[in-house]
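What follows is a short report on a single structure.
In UniProt numbering, the protein residues as written are 1 to 328.
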């Protein structure tokens, strides 16, 4: 099976562009709906941070360090690097007796407009805490300290990453198809789109025992703190707010998006073939409408899918549409 037509762009009444991709909706029994090829192998990128955070809780490290929902949400986050994010990561590291230099994620300018402006106007350089993955890495450091393991926690053979790989393979139900290095220097394990959706379904309908408790805590933390998972103006934050606790969603680089719908026991995974974030955000919004979690008229759906495209002068120039047959 090839990639399916998911999202189209129209201008002047003519079809201009198409985003192709793969989408799978699973429950704990298997595939419920799919578009494209469920067996397509992808890197989940940051969409799987809740999987990477499982050993943090299951090992007892989170409880030993006294982590609460805010820290767990940040462990799942690709945040904007605003003070709401960096201040919390700074305190987290300080409580561990660690410093910014202990991180291995690298530094980049934050997406948060206020913090971006502050750094520029003060001629200051960003630090690793500004990295959108600093919460995930603070979680890795917490687990590393609990394990009494070495400092290079992003190495593929480090106990932290061995624990992450085990959890990843267990919840996806697949042996990792390979691995690559993510933007934050941590390993990212490959799986099929179906495997990623299966993993999200396990978060949506967690079982008993340590694994289920960890999954439940992570989903609850994301839903309780959408502003920490991404930030103002971001699709993850805005979609979760609009759904008022009915679902958690998380993006990843190269146009991956996942969804967790606890009330329905559904997990969603999608990958836009061209790597375009615009297509992924439109597709996840369409799926939330398809599942009855949002209405077409909701402002957040209008922003990412159904509203008009306007130019710099405010003129309406086009629109995005669901491709025929997607979703439903």
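Glycine included, each C-beta is placed from N, C-alpha and C at the ideal position.
Coarse secondary structure for residue i, derived from DSSP in three states
{"i": "residue 267", "result": "strand"}
{"i": "residue 28", "result": "coil"}
{"i": "residue 1", "result": "coil"}
{"i": "residue 40", "result": "coil"}
{"i": "residue 79", "result": "coil"}
{"i": "residue 312", "result": "coil"}
{"i": "residue 195", "result": "helix"}
{"i": "residue 201", "result": "helix"}
{"i": "residue 137", "result": "helix"}
{"i": "residue 305", "result": "helix"}
{"i": "residue 318", "result": "strand"}
{"i": "residue 294", "result": "coil"}
{"i": "residue 208", "result": "coil"}
{"i": "residue 103", "result": "coil"}
Residue of the options minimising C-alpha distance to residue i
{"i": "residue 161", "options": "170, 96, 144, 26", "result": "144"}
{"i": "residue 334", "options": "199, 323, 128, 293", "result": "Because residue 334 is not part of the residues shown, which for the chain are 1 to 328, the question remains open."}
{"i": "residue 51", "options": "117, 112, 212", "result": "212"}
{"i": "residue 202", "options": "6, 239, 19, 29", "result": "29"}
{"i": "residue 221", "options": "75, 5, 17, 10", "result": "75"}
{"i": "residue 40", "options": "275, 71, 190", "result": "190"}
{"i": "residue 138", "options": "173, 216, 92", "result": "92"}
{"i": "residue 247", "options": "237, 173, 255, 254", "result": "237"}
{"i": "residue 22", "options": "274, 182, 116, 243", "result": "274"}
{"i": "residue 282", "options": "262, 322, 261, 61", "result": "322"}
Identity of the residues DSSP links to residue i by a beta bridge
{"i": "residue 50", "result": "Beta-bridge pairing links residue 50 to no other residue."}
{"i": "residue 14", "result": "11"}
{"i": "residue 35", "result": "23"}
Expected contact under 8 Å - CB spacing of residue i and residue j to nearest Å
{"i": "residue 194", "j": "residue 38", "result": "4 Å"}
{"i": "residue 188", "j": "residue 45", "result": "6 Å"}
{"i": "residue 284", "j": "residue 293", "result": "No, residue 284 and residue 293 are not in contact; Cβ-Cβ is about 11 Å, not under 8 Å."}
{"i": "residue 245", "j": "residue 223", "result": "5 Å"}
9 Å Cβ cutoff, residue i in contact with chain B
{"i": "residue 157", "result": "You won't find chain B in this structure, because it holds only one protein chain."}
Problem set entry | Runs of beta strand (DSSP E) lying entirely within the region 159-189, each at least 3 residues, in chain order | 179-181, 187-189
For this session: Could you name each continuous beta strand (DSSP E) segment of 3 residues or more that falls completely within the region 218-279, going from the start of the chain to the end?
Result: 248-252, 256-261, 266-272
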